[in-house]
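Residue numbers (the numbering used here): 38 to 205.
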(Lines of atoms letter the chains of each structure in order from A and count residues from 1; the text may use other names and numbers.)
(Lines give C-alpha, C1' and ligand atoms only; values in the text may rest on other atoms or scores of the structure.)
Protein backbone atom coordinates (compact mmCIF):
# COMPACT_ATOMS: atom_id res chain seq x y z
CA UNK A 1 0.00 0.00 0.00
CA UNK A 2 1.46 3.36 -1.00
CA UNK A 3 2.37 5.78 1.73
CA UNK A 4 0.48 9.06 1.91
CA UNK A 5 2.34 12.11 0.62
CA UNK A 6 3.55 14.40 3.40
CA UNK A 7 2.27 17.50 1.62
CA UNK A 8 -0.90 18.46 -0.16
CA UNK A 9 -0.69 19.12 -3.89
CA UNK A 10 -2.79 22.10 -4.93
CA UNK A 11 -3.39 23.89 -8.19
CA UNK A 12 -3.59 27.67 -8.42
CA UNK A 13 -7.08 29.05 -8.43
CA UNK A 14 -8.10 31.88 -10.72
CA UNK A 15 -8.14 35.33 -9.16
CA UNK A 16 -11.40 36.23 -7.55
CA UNK A 17 -11.69 39.70 -6.10
CA UNK A 18 -12.75 39.73 -2.45
CA UNK A 19 -16.36 40.39 -1.58
CA UNK A 20 -16.68 43.94 -0.53
CA UNK A 21 -19.49 45.85 1.04
CA UNK A 22 -21.70 47.62 -1.45
CA UNK A 23 -20.08 51.04 -0.98
CA UNK A 24 -16.41 50.11 -1.59
CA UNK A 25 -14.82 50.38 -5.05
CA UNK A 26 -13.39 47.28 -6.77
CA UNK A 27 -9.69 47.33 -7.82
CA UNK A 28 -8.64 45.07 -10.68
CA UNK A 29 -5.16 43.42 -10.68
CA UNK A 30 -4.02 45.65 -13.59
CA UNK A 31 -4.82 48.77 -11.55
CA UNK A 32 -2.69 47.78 -8.54
CA UNK A 33 0.30 50.18 -8.29
CA UNK A 34 3.86 48.84 -8.02
CA UNK A 35 4.91 47.98 -4.48
CA UNK A 36 1.33 46.96 -3.52
CA UNK A 37 0.16 43.36 -3.62
CA UNK A 38 -2.61 41.10 -2.38
CA UNK A 39 -1.67 39.41 0.90
CA UNK A 40 -3.44 36.91 3.09
CA UNK A 41 -3.61 37.78 6.77
CA UNK A 42 -3.28 35.10 9.47
CA UNK A 43 -7.08 35.09 9.97
CA UNK A 44 -7.58 34.23 6.26
CA UNK A 45 -8.69 37.65 5.01
CA UNK A 46 -7.11 38.78 1.73
CA UNK A 47 -6.27 42.47 1.49
CA UNK A 48 -3.97 44.91 -0.31
CA UNK A 49 -0.74 45.83 1.43
CA UNK A 50 2.57 47.52 0.68
CA UNK A 51 5.29 44.96 0.05
CA UNK A 52 9.04 45.34 0.02
CA UNK A 53 10.67 44.12 -3.21
CA UNK A 54 13.42 41.57 -2.79
CA UNK A 55 16.69 43.42 -2.53
CA UNK A 56 19.11 42.63 -5.38
CA UNK A 57 22.23 40.80 -4.27
CA UNK A 58 24.95 43.18 -3.23
CA UNK A 59 28.07 43.08 -5.36
CA UNK A 60 31.12 43.38 -3.15
CA UNK A 61 33.02 46.56 -3.88
CA UNK A 62 36.74 46.05 -4.04
CA UNK A 63 39.24 48.78 -3.41
CA UNK A 64 40.79 50.17 -6.59
CA UNK A 65 44.15 48.59 -7.36
CA UNK A 66 47.09 50.80 -8.39
CA UNK A 67 48.30 50.51 -11.97
CA UNK A 68 51.47 48.36 -12.13
CA UNK A 69 54.71 50.08 -13.11
CA UNK A 70 55.26 47.79 -16.10
CA UNK A 71 51.87 48.79 -17.51
CA UNK A 72 52.71 52.50 -17.17
CA UNK A 73 56.10 51.96 -18.82
CA UNK A 74 54.57 50.00 -21.67
CA UNK A 75 51.88 52.62 -22.19
CA UNK A 76 54.51 55.37 -22.32
CA UNK A 77 56.81 53.44 -24.65
CA UNK A 78 54.15 52.40 -27.16
CA UNK A 79 53.82 55.80 -28.90
CA UNK A 80 57.59 56.29 -28.82
CA UNK A 81 58.28 52.95 -30.48
CA UNK A 82 55.52 53.53 -33.01
CA UNK A 83 56.86 56.98 -33.82
CA UNK A 84 60.38 55.59 -34.23
CA UNK A 85 59.18 52.93 -36.63
CA UNK A 86 57.23 55.53 -38.60
CA UNK A 87 60.25 57.84 -38.77
CA UNK A 88 62.44 54.95 -39.92
CA UNK A 89 59.95 54.10 -42.67
CA UNK A 90 59.84 57.70 -43.85
CA UNK A 91 63.64 57.89 -43.83
CA UNK A 92 63.92 54.69 -45.86
CA UNK A 93 61.40 55.98 -48.37
CA UNK A 94 63.50 59.13 -48.85
CA UNK A 95 66.74 57.11 -49.00
CA UNK A 96 65.40 54.45 -51.39
CA UNK A 97 66.83 55.99 -54.62
CA UNK A 98 70.25 56.38 -53.03
CA UNK A 99 70.12 52.84 -51.62
CA UNK A 100 69.25 51.46 -55.05
CA UNK A 101 72.15 53.36 -56.62
CA UNK A 102 74.53 52.11 -53.91
CA UNK A 103 73.42 48.51 -54.44
CA UNK A 104 74.12 48.84 -58.18
CA UNK A 105 77.53 50.33 -57.39
CA UNK A 106 78.30 47.47 -54.98
CA UNK A 107 77.36 44.88 -57.61
CA UNK A 108 79.61 46.66 -60.11
CA UNK A 109 82.48 46.72 -57.59
CA UNK A 110 81.98 43.02 -56.85
CA UNK A 111 82.09 42.23 -60.58
CA UNK A 112 85.29 44.28 -60.91
CA UNK A 113 86.93 42.37 -58.02
CA UNK A 114 85.97 39.01 -59.55
CA UNK A 115 87.32 40.08 -62.93
CA UNK A 116 90.57 41.25 -61.31
CA UNK A 117 90.96 37.96 -59.42
CA UNK A 118 90.63 36.05 -62.67
CA UNK A 119 92.60 38.29 -65.08
CA UNK A 120 95.64 39.22 -62.94
CA UNK A 121 96.94 35.60 -62.62
CA UNK A 122 96.30 35.01 -66.31
CA UNK A 123 98.29 38.13 -67.25
CA UNK A 124 101.14 37.21 -64.87
CA UNK A 125 101.33 33.69 -66.29
CA UNK A 126 101.49 34.92 -69.88
CA UNK A 127 104.16 37.55 -69.08
CA UNK A 128 106.33 34.99 -67.26
CA UNK A 129 106.17 32.66 -70.21
CA UNK A 130 107.22 35.43 -72.56
CA UNK A 131 110.13 36.60 -70.33
CA UNK A 132 111.27 33.32 -68.78
CA UNK A 133 112.48 31.34 -71.83
CA UNK A 134 115.78 30.36 -70.07
CA UNK A 135 118.05 33.16 -71.27
CA UNK A 136 117.17 35.92 -68.83
CA UNK A 137 119.10 36.92 -65.66
CA UNK A 138 118.59 34.86 -62.47
CA UNK A 139 117.79 31.66 -64.25
CA UNK A 140 120.60 29.74 -62.49
CA UNK A 141 122.65 26.99 -64.12
CA UNK A 142 121.73 25.99 -67.60
CA UNK A 143 118.73 28.25 -67.94
CA UNK A 144 116.28 26.42 -65.55
CA UNK A 145 114.16 28.06 -62.89
CA UNK A 146 115.52 28.22 -59.32
CA UNK A 147 113.64 26.16 -56.72
CA UNK A 148 113.99 27.01 -53.07
CA UNK A 149 112.84 24.55 -50.40
CA UNK A 150 112.85 25.06 -46.67
CA UNK A 151 112.62 22.40 -43.94
CA UNK A 152 111.96 23.36 -40.33
CA UNK A 153 111.77 20.94 -37.38
CA UNK A 154 111.10 21.56 -33.69
CA UNK A 155 110.75 19.25 -30.69
CA UNK A 156 108.20 19.92 -27.97
CA UNK A 157 105.81 22.80 -27.64
CA UNK A 158 108.45 25.39 -26.75
CA UNK A 159 111.46 23.62 -28.30
CA UNK A 160 114.00 25.41 -30.46
CA UNK A 161 113.29 25.25 -34.20
CA UNK A 162 116.03 24.14 -36.62
CA UNK A 163 115.70 24.85 -40.31
CA UNK A 164 117.50 24.28 -43.59
CA UNK A 165 117.17 26.10 -46.93
CA UNK A 166 118.06 24.34 -50.20
CA UNK A 167 118.63 26.11 -53.56
CA UNK A 168 118.30 23.87 -56.62
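Glycine included, every Cβ here is placed at the ideal spot set by N, Cα and C.
Values in this document were obtained by computation on a predicted structure and should not be read as measured data.
query: By Cβ distance, which residues of its chain are closer than 7 angstroms to residue 200, with the 5 residues on each side in sequence left out?; result: 187, 188 and 189
query: Alpha carbon to alpha carbon, how far is residue 119 from residue 130? Give it in angstroms, no decimals.; result: 17 angstroms
query: With respect to the alpha helix (DSSP H) encompassing residue 149, which residues constitute its N-terminal and C-terminal limits?; result: 106-168
query: Expressed to the nearest angstrom, what Euclidean distance is found between the alpha-carbon atoms of residue 97 and residue 90?; result: 20 angstroms
query: I'd like to check one pair, residue 85 with residue 104: are the Cβ atoms closer than 8 angstroms?; result: no
query: Output the distance between the C-alpha atoms of residue 109 and residue 128, rounded to the nearest integer angstrom.; result: 29 angstroms
query: For residue 75, which of helix, strand or coil comes out of DSSP?; result: strand
query: For residue 86, name the three-state secondary structure that DSSP assigns.; result: strand
query: Report the partner residues of residue 80 according to the DSSP bridge assignment.; result: The partner list for residue 80 (beta bridge, DSSP) is empty, contrary to what the question assumes.
query: For residue 71, count neighbouring C-beta atoms within 10 Å of its own C-beta (all shown protein chains included) and say buried if the count is 16 or more, exposed if not.; result: exposed
query: Would you mind working out which of 182, 196 and 136 sits nearest residue 166, comparing C-alpha positions?; result: 182
query: List the endpoints of the continuous beta strand (DSSP E) containing residue 186.; result: 185-191
query: When you compare each of 193, 194, 195 and 185 to residue 203 by their alpha carbons, which one comes out closest?; result: 185
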